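Notes follow the structure.
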Amino acid sequence: MKQKEKTAGEPTCLSFSHYKAASLDPMLNSVDTLLRMVPLLVGFSPEAWQVITDVEILKKAGEYRVAKMRLIQLMSPEFQINNKMIGKNILKHAEAANAVAADQHGSRKHHKSINTCLNKKLVCDVLRQKKRA
Numbered sequence: 201m202k203q204k205e206k207t208a209g210e211p212t213c214l215s216f217s218h219y220k221a222a223s224l225d226p227m228l229n230s231v232d233t234l235l236r237m238v239p240l241l242v243g244f245s246p247e248a249w250q251v252i253t254d255v256e257i258l259k260k261a262g263e264y265r266v267a268k269m270r271l272i273q274l275m276s277p278e279f280q281i282n283n284k285m286i287g288k289n290i291l292k293h294a295e296a297a298n299a300v301a302a303d304q305h306g307s308r309k310h311h312k313s314i315n316t317c318l319n320k321k322l323v324c325d326v327l328r329q330k331k332r333a
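As structure tokens, this is what we get:
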């Protein structure tokens with residue numbers, strides 16, 4: 201499990217550390233996997249997954265204006281782990297079907313989103329130079 205232990209989850213649930221530790225034991229890992237897969241296979245949403253806690257955090261130290269704060273949502277770690285898995289599967293199928301734009305670099309293997317930023321910067325630089333010429 202690649203999930204960082206410091207990642208915050210919904211306060212009433214187990215933390216990511218518990219799931220990371222359980223993933224090392226084959227029996228606990230299989231039970232956890234089964235419990236997280238049942239909602240996907242049967243098509244229901246457990247009540248624990250429906251609880252989301254909104255938290256405002258500071259973008260800059262000492263800046264307490266609400267417009268300058270970042271809103272994050274804390275949700276159940278099981279829900280987050282499942283969302284991550286579903287997202288990876290969707291992207292894998294989209295890549296197999298060539299449904300992903302060539303410029304889409306984020307969350308893809310052998311692609312870096314920083315390359316998109318670099319490409320944009322280079323295009324802007326070239327356009328600026330052509331304006332001067």
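Quick note: the sequence shown uses the working numbering, first residue 201, plus one each step.
Quick reminder that beta carbons are idealized off the backbone N, C-alpha and C, glycines included.
Every value quoted in this text rests on a predicted model; they were computed, and no experiment measured them.
Collapsed DSSP secondary structure at residue i in the structure displayed
i: L214; result: coil
i: R332; result: helix
Residue span of the alpha helix (DSSP H) that contains residue i, given as start and end
i: E278; result: 277-296
i: P226; result: 226-242
i: V300; result: Counting along the chain, V300 falls outside any alpha helix (DSSP H), and DSSP gives it neither H nor E.
C-alpha gap between residue i and residue j, whole angstroms
i: L274; j: G306; result: 22 Å
i: K330; j: A301; result: 27 Å
i: V291; j: A297; result: Checking the sequence, you will find Leu at residue 291 rather than Val. Each residue's alpha carbon lies about 10 Å from the other.
i: L320; j: S230; result: Sequence inspection shows Lys at residue 320; the Leu mentioned does not correspond to that position. Roughly 45 Å separates the two Cα atoms.
i: V238; j: F244; result: 8 Å
i: I286; j: K268; result: 32 Å
i: H310; j: N283; result: 22 Å
i: Q304; j: C324; result: 19 Å
i: K191; j: V326; result: Here the chain has residues from 201 to 333 only, and residue 191 is not among them.
Terminal residues of the beta strand (DSSP E) in which residue i lies
i: D254; result: 252-258
Beta-carbon separation (whole angstroms), residue i vs residue j, contact threshold 8 Å
i: I257; j: I272; result: 6 Å
i: R332; j: E278; result: That belief does not hold up - the Cβ atoms of R332 and E278 are roughly 56 Å apart, past 8 Å.
Contact under 7 Å by Cβ, residue i with residue j
i: A294; j: S276; result: no
i: K259; j: R270; result: yes
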